[in-house]
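From first to last, the protein sequence lines stand for chains A and B.
When we follow my numbering, the leftmost residue of the first sequence carries the number 10, and every step to the right adds one.
When we follow my numbering, the leftmost residue of the second sequence carries the number -6, and every step to the right adds one.
Working notes for the structure below.
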Amino acid sequence: MGKTVLIVDDSNTMRKIVSRALRQAGLDFDQILEAGDGQEALASLADNSVDVVLSDINMPNMNGLEFLKAKSEDPAIMDIPVVMISTETGADIIDEAKSYGAKGAVKKPFTPDLINDTLGPLL
Amino acid sequence: MEKTQHIIEATQEIFSSMIMLEVSPGEPFVRRNEMLTGSISGLVGLAGTTKGMLAIHLTKPAALAVTGAFLGMEVNEIDEDVCDAIGELANMLAGSMKAAIDPKGSGVKLSMPSAIHGQEYAIDCLARAESVTVPFTFNGVSFMVELQIRQDS
Chain A
10 MGKTVLIVDD
20 SNTMRKIVSR
30 ALRQAGLDFD
40 QILEAGDGQE
50 ALASLADNSV
60 DVVLSDINMP
70 NMNGLEFLKA
80 KSEDPAIMDI
90 PVVMISTETG
100 ADIIDEAKSY
110 GAKGAVKKPF
120 TPDLINDTLG
130 PLL
Chain B
-6 MEKTQHIIEA
4 TQEIFSSMIM
14 LEVSPGEPFV
24 RRNEMLTGSI
34 SGLVGLAGTT
44 KGMLAIHLTK
54 PAALAVTGAF
64 LGMEVNEIDE
74 DVCDAIGELA
84 NMLAGSMKAA
94 IDPKGSGVKL
104 SMPSAIHGQE
114 YAIDCLARAE
124 SVTVPFTFNG
134 VSFMVELQIR
144 QDS
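Laid out in structure tokens, this is it:
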């Protein structure tokens, strides 16, 4: 059965770029889902079988850290791995993300190789 | 300004890795609230221990070329996609500057990116801020990256 990834970013442009980077990295997803903020991401996880999440941090409505915290409190989705993909990769922020279960972080700007190195081991 | 070299390196890295465009820096200068014409600007505010603004100002041809390269499609007018792409450019530049200013990441907060455009507009300078603007060119079009910051003790 094919894999599904959920890309969470408020920028439509960045969601397209991440999708393209996943293909360029050779990561073979059958389905690429998108969400514009943490609230939409939680709704998508409730409705779909998702293997891994790539999430921005700085988003309106519900940011990436609030999304991680909410996800970590829901037993139905808490085990789905999340990688942060953001301009915000300071040690304090990444430590907070990891405390809520984030499995890694990719700094924007990124290359397909960096996406592959971070995401590949989780699949 | 010691941040000038970081602006140049961050801009070149973002354009080469995300847009596959090589950009050339010009001579840095201090912009004095001159009107911007036929342009689009992406803006991100900085708050906390360092306050200020990171902006990227692109002429319309440069903005269309950047967005087209970002999205892998031809773009002919400044629309929602262009504003989104230019805002995201500002966001990546601000994130890079924040990493240099505040390596741990908890002392400086970034605003959500925004974009403004029009035939003629001005962006007011932050009072008593350290300011530098670096011009860049690629493929015969131009843009500027501007940083205004004030570090509060």
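Don't be surprised by glycine CBs; every beta carbon is placed ideally from N, CA and C.
Residue burial classification, residue i (beta-carbon count within 10 angstroms, cutoff 16)
i: Lys91 of chain B; result: buried
i: Asn84 of chain B; result: buried
i: Arg24 of chain A; result: buried
i: Arg132 of chain A; result: The sequence shown places Leu at residue 132 of chain A, rather than the Arg named in the question. Under this definition Leu132 of chain A is an exposed residue.
i: Met137 of chain B; result: buried
i: Ser32 of chain B; result: buried
i: Gly11 of chain A; result: exposed
i: Ser64 of chain A; result: buried
Residue i: first and last residue of the uninterrupted beta strand (DSSP E) it sits in
i: Pro128 of chain B; result: Glu123 to Phe131
i: Ser64 of chain A; result: Val61 to Ser64
i: Arg143 of chain B; result: Val134 to Gln144
Chain B within 7 angstroms of residue i, Cβ atoms only
i: Ser20 of chain A; result: yes
i: Asp101 of chain A; result: yes
i: Lys107 of chain A; result: no
i: Thr127 of chain A; result: no
i: Pro121 of chain A; result: no
i: Met23 of chain A; result: yes
i: Lys117 of chain A; result: yes
Boundaries (first-last residue) of the alpha helix (DSSP H) holding residue i
i: Gly88 of chain B; result: Glu73 to Ile94
i: Met23 of chain A; result: Asn21 to Gln33
Simplified DSSP state of residue i, which is helix, strand or coil
i: Met93 of chain A; result: strand
i: Ala55 of chain A; result: helix
i: Asp39 of chain A; result: strand
i: Gly129 of chain A; result: helix
i: Phe119 of chain A; result: coil
Cβ separation of residue i and residue j, assumed to be a contact under 8 angstroms, to the nearest whole Å
i: Val16 of chain B; j: Phe131 of chain B; result: 5 angstroms
i: Leu14 of chain B; j: Tyr114 of chain B; result: In fact, because the Cβ distance is near 25 angstroms, the residues do not count as touching under 8 angstroms.
i: Ala44 of chain A; j: Ile124 of chain A; result: Not quite, the Cβ-Cβ distance comes to about 18 angstroms (not below 8 angstroms), so this is no contact.
Within-7 angstroms CB hit, residue i to chain A
i: Ile79 of chain B; result: no
i: Asn84 of chain B; result: yes
i: Ser107 of chain B; result: no
i: Thr0 of chain B; result: Note that residue 0 of chain B corresponds to Ile in the displayed sequence, not to Thr. So, not an interface residue.
i: Phe63 of chain B; result: yes
i: Gly38 of chain B; result: no
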